[in-house]
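Structure record follows, encoded as structure tokens.
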Amino acid sequence: MRNRLTNELAVCGFNAVSALGEVHPERINRLFLREDRLPAFTKLCKQLAEWKRPYKICEDEELERVCKSTRHQGIVAMIEEIPVEPLSQEDLDAWAREGKTGVILFSVGNDHNLGAIVRSAAFFDVPYVVISDTDEAAQLTTSAYRVAEGGMEHVEFRKLRNVPFFLKSAGKSMVIIGADHRARLRVRDLDRVIREKAAALGERPGIALVVGNEETGLPSEIKERCSALVRIPGTGAIESLNVAQAATLFFHEIYERC
Numbered sequence: 168m169r170n171r172l173t174n175e176l177a178v179c180g181f182n183a184v185s186a187l188g189e190v191h192p193e194r195i196n197r198l199f200l201r202e203d204r205l206p207a208f209t210k211l212c213k214q215l216a217e218w219k220r221p222y223k224i225c226e227d228e229e230l231e232r233v234c235k236s237t238r239h240q241g242i243v244a245m246i247e248e249i250p251v252e253p254l255s256q257e258d259l260d261a262w263a264r265e266g267k268t269g270v271i272l273f274s275v276g277n278d279h280n281l282g283a284i285v286r287s288a289a290f291f292d293v294p295y296v297v298i299s300d301t302d303e304a305a306q307l308t309t310s311a312y313r314v315a316e317g318g319m320e321h322v323e324f325r326k327l328r329n330v331p332f333f334l335k336s337a338g339k340s341m342v343i344i345g346a347d348h349r350a351r352l353r354v355r356d357l358d359r360v361i362r363e364k365a366a367a368l369g370e371r372p373g374i375a376l377v378v379g380n381e382e383t384g385l386p387s388e389i390k391e392r393c394s395a396l397v398r399i400p401g402t403g404a405i406e407s408l409n410v411a412q413a414a415t416l417f418f419h420e421i422y423e424r425c
């Protein structure tokens, strides 16, 4: 939930607020919590008091009014709305140089999918999450923060307006893996694909996983710019996985094998 008058965003849920307080307490403008949550957040409350930022003990009804949700888990933090900066050439160079893994989300559809992907990204050391500028639904919202369970504080967000143009440039220094449920290669082939690209570059390259909409998948102009298209094999009873589930399996394979 966004407060349009103050340009604030409500972050709710025990793990989400715990991570926020641990990693970025300076972002918190106001804190609302149920009395039974106070022992777990005493340190944060003292810190806010030192900064002369208010915190308030309140009941569930007030917490629901603050965050517009019943899923607050007894704690709500109000933070400044965080702008997502465009992905720059400097970002791309650092990504490639560090040999890190990132994910590019193309029309993934909603903030719940975004939150679930971010949670898995943080778990499997995927520090870069890039959102398509045209995807109006997959944004940094209260729901995305809650579903991410604290993962938001462990990734860097950037946005792209022209994903195909970016991939054309990124493909010169990174491995671009497109998730495509009709691809010939399987997820177990990722290790070989990445090793072949590393041999061409002379070092471990950065990896960008591109995932798309569950209904339409990746458009042809994006597929054409991928180093490889890879699928997750299944029985065929269901055509494809949820995009967050699929991203998690890719993250795990890259983390374990690559």
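Under this note's numbering, residues 168 to 425 are what the sequence shown spells out, in order. Just so you know, even glycine gets a beta-carbon here, dropped at the ideal spot from N, CA and C. Bear in mind the structure is a predicted one, so any value in this text is a computation, not a measurement.
Please report the straight-line C-alpha distance between residue i and residue j, rounded to a whole angstrom.
i       : j       : result
Asn-170 : Cys-225 : With a pLDDT of 49 at Asn-170, under the threshold of 50, the modelled position of that residue is not reliable, and the figure given next carries that caveat. Taking the straight line joining both Cα atoms gives about 19 angstroms.
Ile-242 : Leu-200 : 4 angstroms
Val-397 : Asn-329 : 22 angstroms
Glu-231 : Arg-359 : 50 angstroms
Leu-172 : Thr-237 : Any reading at Leu-172 is ruled out, since the residue's pLDDT is 45, under 50, leaving its predicted position unreliable.
Leu-334 : Ile-389 : 8 angstroms
Cys-425 : Glu-189 : 30 angstroms
Pro-253 : Asp-302 : 14 angstroms
Asn-380 : Ala-413 : 11 angstroms
Leu-187 : Gln-256 : 28 angstroms
Ala-183 : Ile-284 : 15 angstroms
Glu-363 : Leu-352 : 14 angstroms
Pro-331 : Asn-174 : 32 angstroms
Ile-246 : Ala-367 : 45 angstroms
Thr-309 : Glu-248 : 11 angstroms
Lys-210 : Glu-228 : 25 angstroms
Glu-217 : Ser-336 : 47 angstroms
Gln-214 : Glu-193 : 9 angstroms
Could you have a look at residue i and say whether DSSP puts it in helix, strand or coil?
i       : result
Ile-389 : helix
Val-190 : helix
Glu-423 : helix
Arg-204 : helix
Lys-213 : helix
Gly-282 : helix
Arg-197 : strand
Asn-170 : Bear in mind that the predicted position of Asn-170 carries a pLDDT of just 49, short of 50, making it too unreliable to give a figure here.
Leu-408 : coil
Val-314 : helix
Ser-287 : helix
Ser-299 : strand
Leu-272 : strand
Ala-414 : helix
Ala-305 : coil
Glu-228 : helix
Glu-175 : strand
Val-293 : coil
Glu-247 : strand
Glu-259 : For clarity, residue 259 is Leu in the given sequence; the question names Glu instead. Helix at Leu-259.
Arg-220 : coil
Arg-238 : coil
Thinking residue i and residue j are a contact (beta carbons under 8 angstroms), I'd like their distance in whole angstroms, please.
i       : j       : result
Val-410 : Val-378 : 5 angstroms
Ala-315 : Gly-282 : 4 angstroms
Thr-307 : Val-251 : Going by the sequence as given, residue 307 is Leu instead of Thr. Sure, about 7 angstroms apart at Cβ, within 8 angstroms.
Leu-408 : Gly-345 : Not a contact, Cβ separation roughly 15 angstroms.
Thr-268 : Ile-421 : 5 angstroms
Leu-198 : Ala-244 : 5 angstroms
Ser-185 : Gly-317 : 6 angstroms
Glu-406 : His-348 : 6 angstroms
Spatial neighbours of residue i within its chain, please: CB distance less than 7 angstroms, with the 5 preceding and 5 following residues excluded, ordered by chain position.
i       : result
Phe-418 : Ser-287, Ala-288, Phe-291 and Val-293
Gly-338 : Arg-392 and Ser-394
Asp-203 : Gly-241
Arg-371 : Gly-266 and Ala-365
Gly-298 : Per the sequence shown, residue 298 should be read as Ile rather than Gly. Val-251, Leu-272, Ala-305, Phe-324 and Lys-326, listed in sequence order.
Thr-415 : Ser-287
Return the chain-ordered list of same chain residues with a C-beta closer than 6 angstroms to the C-beta of residue i, the five sequence neighbours on each side being excluded.
i       : result
His-239 : Cys-179 and Leu-230
Ala-311 : Asp-278, Leu-281 and Gly-282
Phe-324 : Val-251 and Val-296
Leu-376 : Val-270, Ile-344 and Phe-417
Cys-212 : Tyr-222
Ala-350 : Leu-396, Val-397 and Arg-398
Near residue i, which residues of its chain fall below 8 angstroms by C-beta distance, leaving aside the five closest residues on each side in sequence?
i       : result
Arg-264 : Gly-373
Does the Cβ of residue i lie closer than 7 angstroms to at least one heavy atom of the ligand ADP?
i       : result
Pro-206 : Among the components modelled here there is no ligand, and therefore nothing to report on the ligand ADP.
Quiz prompt | Every unbroken beta strand (DSSP E) inside the region 318-389 [3 residues or more] | solution = Taken in chain order, the complete beta strand (DSSP E) segments of 3 residues or longer contained in the region 318-389 are 323-327, 341-346 and 373-378.
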